[in-house]
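Below: the structure, in structure tokens.
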Amino acid sequence: MADGAFGGGPGTKTVVVLNGESVSDPNSPMELGYVALDDDTNVLEVEFSSGAGMLDPQAIDSDQSAEDRKNGIVS
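Note that the sequence shown covers residues 1 to 75 in UniProt numbering.
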């Protein structure tokens with residue numbers, strides 16, 4: 001996981017969950033690269049990776065940061 005630019009935080013890795021059980025370690029890539037769904041009762045959840053941040057959050061103007069969160073630009 002790489003740090004963000006100019007003090008920004010790191011991004012996240014993809015997480016894969018099958019029927020409530022993690023099938024991928026969040027700190028490393030999936031070993032096999034695929035998941036088999038054996039029947040129609042299986043539930044597969046995928047949290048996709050995100051990009052890293054830019055700038056130290058403490059260095060950003062608090063009013064601008066609040067506006068960015070309100071507009072869904074940052075979380």
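The beta carbon of each residue, even a glycine, is placed where N, CA and C say it ideally should be.
Predicted, not measured: the structure shown is a model, and the values here were computed from it.
If you ignore the 5 residues before and after Glu45, its C-beta comes within less than 7 Å of the C-beta of Val17, all in its own chain and listed in chain order. Beta-bridge pairing by DSSP links Ala5 to Met54. By the 16-neighbour rule on beta-carbons within 10 angstroms, Ser24 is buried.
The Cβ atoms of Gly9 and Gly53 lie closer than 7 Å to each other. Straight-line measurement puts the Cα of Asp40 at about 29 Å from the Cα of Ser50. The residue from Val35, Phe48 and Asn19 with its alpha-carbon nearest to that of Gly11 is Phe48. In the same chain as Thr14, and ignoring 5 residues on each side of it, the C-beta atoms closer than 6 Å to its own belong to Phe48 and Ser49, in chain order. Beyond the five residues adjoining it in sequence on each side, Asp68 comes within less than 7 Å, by CB distance, of Val74 in the same chain, given in chain order.
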